[in-house]
Amino acid sequence: MYTDKVMDHFTNPRNVGELDNANGIGEVGNAKCGDIMRIYLDVQDNIIKDIKFKTFGCGAAIATSSMVTEMVKGKSIDEALKITNKAVAEALGGLPPAKMHCSNLAADALHKAIEDYKNNNS
Amino acid sequence: MYTDKVMDHFTNPRNVGELDNANGIGEVGNAKCGDIMRIYLDVQDNIIKDIKFKTFGCGAAIATSSMVTEMVKGKSIDEALKITNKAVAEALGGLPPAKMHCSNLAADALHKAIEDYKNNNS
Amino acid sequence: MRRVYMDHSATTPVRPEVAQVVTKYFTETFGNASSVHAFGREARKGVETAREQIANLIKAKPEEIFFTSGGTEADNMAIIGTALANKDKGKHIITTQIEHHAVLDTCKYLEKQGFEVTYLPVDAEAMLDMETLKKAIRKDTILITIMHVNNEVGTILPIKEIGAIAKENNILFHVDAVQSFGKLPIDVNQMNIDMLSASGHKIYAPKGIGCLFLRKGTKLSPIMFGGAQERKRRPGTENVPGIVGFGLAAELAGKEMEEENKRLTKLRDKLIDGILEKIPESQLNGHRTQRLPGNVNVSLRYIEGESLLLMLDLKGIAASSGSACTSGSLDPSHVLMAMGICHEIAHGSLRLTLGKINTEEDIDYVLEVLPEIVEKLREMSPLYNSIKLERREECSKCTLTK
Amino acid sequence: MRRVYMDHSATTPVRPEVAQVVTKYFTETFGNASSVHAFGREARKGVETAREQIANLIKAKPEEIFFTSGGTEADNMAIIGTALANKDKGKHIITTQIEHHAVLDTCKYLEKQGFEVTYLPVDAEAMLDMETLKKAIRKDTILITIMHVNNEVGTILPIKEIGAIAKENNILFHVDAVQSFGKLPIDVNQMNIDMLSASGHKIYAPKGIGCLFLRKGTKLSPIMFGGAQERKRRPGTENVPGIVGFGLAAELAGKEMEEENKRLTKLRDKLIDGILEKIPESQLNGHRTQRLPGNVNVSLRYIEGESLLLMLDLKGIAASSGSACTSGSLDPSHVLMAMGICHEIAHGSLRLTLGKINTEEDIDYVLEVLPEIVEKLREMSPLYNSIKLERREECSKCTLTK
Ligand SMILES: Cc1ncc(COP(=O)(O)O)c(C=O)c1O
Ligand SMILES: Cc1ncc(COP(=O)(O)O)c(C=O)c1O
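Chains as they are written, first to last, in the numbering used here: chain A, 283 to 404; chain B, 283 to 404; chain C, 948 to 1349; chain D, 948 to 1349.
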């Protein structure tokens, strides 16, 4: 069902946790649908210095969360904003068709966190 | 499906054939339905001295024909008239439900042959 | 006693390769294909491989194959499903008089629901005339459902021509291929087939598994309701072992088809020629050449089919007949009737269908045993050699005018 | 790696005795049960023996058992068949909110056809109240269809009481016994059951075989059309190997029921107690005592079911969940919803269903592995230990009012 890469990120998720010093937090989904992703950013000079996530959800939800944090860590927020949910799925070698919408929201959470950072710093 | 007795009468039918000197012949059924039984009687002094049959039909049709000839050979025609299709079926240890009407006509053929004999000699 | 099974059109034994894999799916890979865990995923893999194997055999796409419990369910699904899904477009269905009851009785049911059905006649060889078909097409015709190979007399119907006519007239085309799937080449695209029914137990897979090919985009109302299996088209826990066995059997059938058909055609022709030569007043039913390789269907006058089958059975030979006594109804085979064969002769029909397990020795054995049996039954028959035969009128009277 | 299969309510492996006899019917006794010849008669004998074995298990008569392709078909046959056969008498059907989709979706289909269906609510333990049922009965109620054991939470419904009420009101009563057949004592007469559905693959027989018990004299319109098999109630070549295997499995289940239930109840209770003790904020779903011996269903807050299943799977444990991600729909289990469990908690449900192959060591293994996994997933969860938890309102908002 899931690719090896998905299973790798699911079983060994990167950057799990919270950031006490987060200056941007984004959350998407809700418990009713069985998916909540929250992303914590530590942005310094427009660069994502640190990033963590917490996710309640299925295997795909956890793997995409992990993958997106890895994809943007150390990148500028402008680069990060270009990352789409589709790109995350592709980086994982694809997701099962049924998972393409409901559990593939990690980029959205990231964008929301960046927005939050911008709001906090504007 | 068939009892051993049915199979015995089917594979070794008694009294198959015609009687050149028949003084009573009875036939029931028709080819359309897949069953024709013809019974030949040689009646002397109201006693069935000889009896033969020819049957076009299924296993039950052949077995009941054979059985009925055996049941009445040497009997008086009055006794023979008392034999029913049901009695023939019972003498064979029973017939499958589906065969109880369509292929269980040998007594009818016998009765017709006796009628024919009576008509010929009245 | 020698046992000779010549009833392969009724059902076939499961071939050893298939039995082996099915057993593996019984006890080892036994998961529910809808489950998330490894047992489920392994089962799912088996199902999807089978779907490919089946699709390959008829040049379809895997996602166009839907597994059912057999040929009957596939026929019902296709015909009722199409009728209900298209009832706003029209209420007319075209089929033939020689379909299997799974098609005929389904059509009769639909007639009661307000649909109109044309049952096309066939000729003396059970062949369908294309002009008759064309004339039957109406503006409100929504479905043509015609079998590929007739299960009784083995005649191969011109599916490709029918498909072309259906396409030209923009009418959905369903083929009951239960007797041809795995036995004759089928290309659902070349033949313009929209739906096709097949059944496992006719090609050495288990009973209780079949499938419907449904061309992508074809609308179909479901006839059963429940789980989301088979992409919501057929509910119920998937019969994974059956599906996997059916897939393998289909693949093997495809691989062996050409060679096996050559072999069966030779055996079949030897058997037909032998019977017609050795038994007087016998006739072949069905088309002489446009005929399923393994099908022999003859009528042996003056005798009745069930007693013939019993005699053959006592000699170890398994066959079938179109006689009323074996059909469960009062009339003999509707197929033989539709071909204009009279009741009496239809009652004396014998079908011998050959398969993988039959050898030339089997043919020789039948040709040795059958004439004796026929002679014995004819000796008992009041119709045979009788001086009164000429007086009988049933035969002329009963011949159905089509 | 240790493999622990705890998904017996989804499907079971075929037990060796059954696999063996089924294989024999694949390759040796392979005839079509409708055939006249010896191959056919031997197959027929197997079918009729199985019919007796099944009938014995539920105190029915053999001629009241009709074989189907599984539980789903039996449910469809009973519900659609009764509705259509009795539509002149009334159009009202009573069922519950916690039925399997094979019943629910069939009822929904009938609603579109003009029938009216009452879906009875259940309490927090999935138990049905008899007063609620009585109040739902109308003059035009033609059918009550209620499951014996719920497939998700294992609650045993009071079938005998329901049967008495149905009888008193002269209403036909159908029981989906797919999860209880062969596991709990059933007496169709004592329980006043008119129709009952069962499925082979839940009791160590093959997939693709099931049956409907239909009380003699009960009218039923067919849902499929074709051959005259199963006394004209279910067309299609009989799945002889499946039937024979189902029969044997039923007989063995009956013999072993009492002892096996004692064993499973002990294992089940150990597992339930262990989970509730070792994992904080966990709850049992379903009735504590009126519960299928092998069923464990718990909700583990703050985590989601599919990821839990994947983690368990990596440890070799096969289970299932009522989470949306495993149901194929967007909502979590309709059963948990009907019990008034909120979405969030329903998503975190875990079903472990025990069977013949499970041992006490399996229980110990799960009790060792599960708490660690839950801890790991909770660490990842934004809902757990979060200072923001108090602010969340989903749980109170989403709780469905029944
Ligand atoms: C032409 C044809 N159609 C349909 C069927 C029904 O298939 P099944 O027995 O698998 O339901 C059969 C065989 O019985 C058949 O020969
Ligand atoms: C309660 C219940 N009813 C019906 C079914 C459907 O049975 P089957 O999968 O054999 O079609 C199942 C199992 O899937 C079930 O648990």
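Cβ atoms here follow ideal geometry from the backbone N, Cα and C, with glycine treated the same way. As the structure is a computational prediction, the values presented were derived from the model and not from experiment.
Cutoff 8 Å; reference residue i; Cβ partners in own chain excluding five residues on either side
i, result
"residue 358(B)", "328, 329 and 330"
"residue 1185(C)", "979, 980, 981, 990, 994, 1014, 1176 and 1177"
Distance, residue j Cα to residue i Cα
i, j, result
"residue 1015(D)", "residue 1314(D)", "39 Å"
"residue 1028(D)", "residue 999(D)", "24 Å"
"residue 389(B)", "residue 365(B)", "6 Å"
"residue 403(B)", "residue 393(B)", "15 Å"
"residue 1301(D)", "residue 1169(D)", "36 Å"
"residue 1206(C)", "residue 347(A)", "56 Å"
"residue 1116(D)", "residue 1213(D)", "39 Å"
"residue 986(C)", "residue 976(C)", "6 Å"
"residue 970(D)", "residue 1113(D)", "42 Å"
"residue 1238(D)", "residue 1306(D)", "19 Å"
"residue 1160(D)", "residue 1036(D)", "22 Å"
"residue 1345(D)", "residue 1303(D)", "Here residue 1345(D) scores only 39 on pLDDT, less than 50, and its place in the model is too uncertain to base an answer on."
"residue 324(B)", "residue 374(B)", "24 Å"
"residue 1136(D)", "residue 1123(D)", "16 Å"
"residue 1059(C)", "residue 1051(C)", "13 Å"
"residue 1282(D)", "residue 311(A)", "23 Å"
"residue 382(A)", "residue 314(A)", "18 Å"
Contact test: residue i Cβ vs ligand 2 heavy atom, cutoff 8 Å
i, result
"residue 1096(D)", "yes"
"residue 1157(C)", "no"
"residue 980(C)", "no"
"residue 957(D)", "yes"
"residue 1154(D)", "yes"
"residue 984(D)", "no"
"residue 1173(C)", "yes"
"residue 1144(D)", "yes"
"residue 1052(D)", "no"
"residue 1149(D)", "yes"
"residue 290(A)", "no"
"residue 1278(D)", "no"
"residue 1022(D)", "yes"
Same chain, Cβ closer than 7 Å to residue i, neighbours up to 5 away in sequence not counted
i, result
"residue 1340(D)", "Unreliable positioning characterises residue 1340(D) in this predicted model, as indicated by a pLDDT of 45, which lies under 50. The coordinate reading is nonetheless provided below. Taken in chain order, the list of residues that qualify is empty."
"residue 1326(D)", "none"
"residue 1331(D)", "1249 and 1325"
Distance between beta carbons of residue j and residue i, contact taken as under 8 Å
i, j, result
"residue 339(A)", "residue 1251(D)", "5 Å"
"residue 1247(D)", "residue 1219(D)", "Between residue 1219(D) and residue 1247(D) the Cβ distance is about 13 Å, and since that is not below 8 Å, they are no contact."
"residue 1083(D)", "residue 1057(D)", "Going by Cβ atoms, the distance from residue 1083(D) to residue 1057(D) rounds to 16 Å, so no, they are not a contact pair."
"residue 1142(D)", "residue 1110(D)", "The Cβ separation is near 11 Å, so there is no contact."
"residue 317(B)", "residue 385(B)", "6 Å"
"residue 292(A)", "residue 333(A)", "Residue 292(A) to residue 333(A), Cβ: 18 Å. No contact."
"residue 929(D)", "residue 1022(D)", "Residue 929(D) is absent from the structure shown; chain D starts at 948 and stops at 1349."
"residue 377(B)", "residue 342(B)", "5 Å"
"residue 1033(D)", "residue 1089(D)", "4 Å"
"residue 1003(D)", "residue 1201(D)", "7 Å"
"residue 1071(D)", "residue 1045(D)", "Wrong, their Cβ atoms sit about 12 Å apart, outside the cutoff."
Close beta carbons around residue i, own chain, < 6 Å, minus the five adjacent residues each side
i, result
"residue 1128(C)", "1145"
"residue 309(B)", "320"
"residue 1230(D)", "1246"
"residue 1174(C)", "1182"
"residue 1196(C)", "965, 1150, 1151 and 1152"
(message) Considering only heavy atoms of ligand 3 and the C-beta of each residue, which residues fall inside 5 Å, strictly closer?
(response) Only ligand 1 and ligand 2 can be found as ligands here, which leaves ligand 3 out of the picture.
(request) Assess, as a yes-or-no matter, whether the stretch 1136–1155 of chain C is touched by the stretch 1010–1029 of chain C under the definition of 3 or more beta carbon pairs within less than 8 Å. (result) Contact between the stretch 1010–1029 of chain C and the stretch 1136–1155 of chain C is established, with three or more Cβ pairs separated by less than 8 Å.
(message) Across the stretch 1229–1242 of chain D and the stretch 1094–1112 of chain D, are there enough close Cβ pairs to call them in contact, namely three or more that are closer than 8 Å?
(response) With contact defined as three or more Cβ pairs closer than 8 Å, the stretch 1229–1242 of chain D and the stretch 1094–1112 of chain D are in contact.
(message) Would the stretch 1262–1269 of chain D count as touching the stretch 1311–1329 of chain D if we require 3 or more Cβ pairs under 8 Å?
(response) Yes, they touch.
(request) Determine contact between the stretch 1078–1093 of chain D and the stretch 1035–1044 of chain D, defined as no fewer than three beta-carbon pairs at a distance below 8 Å. (result) Output reads yes: the stretch 1035–1044 of chain D touches the stretch 1078–1093 of chain D.
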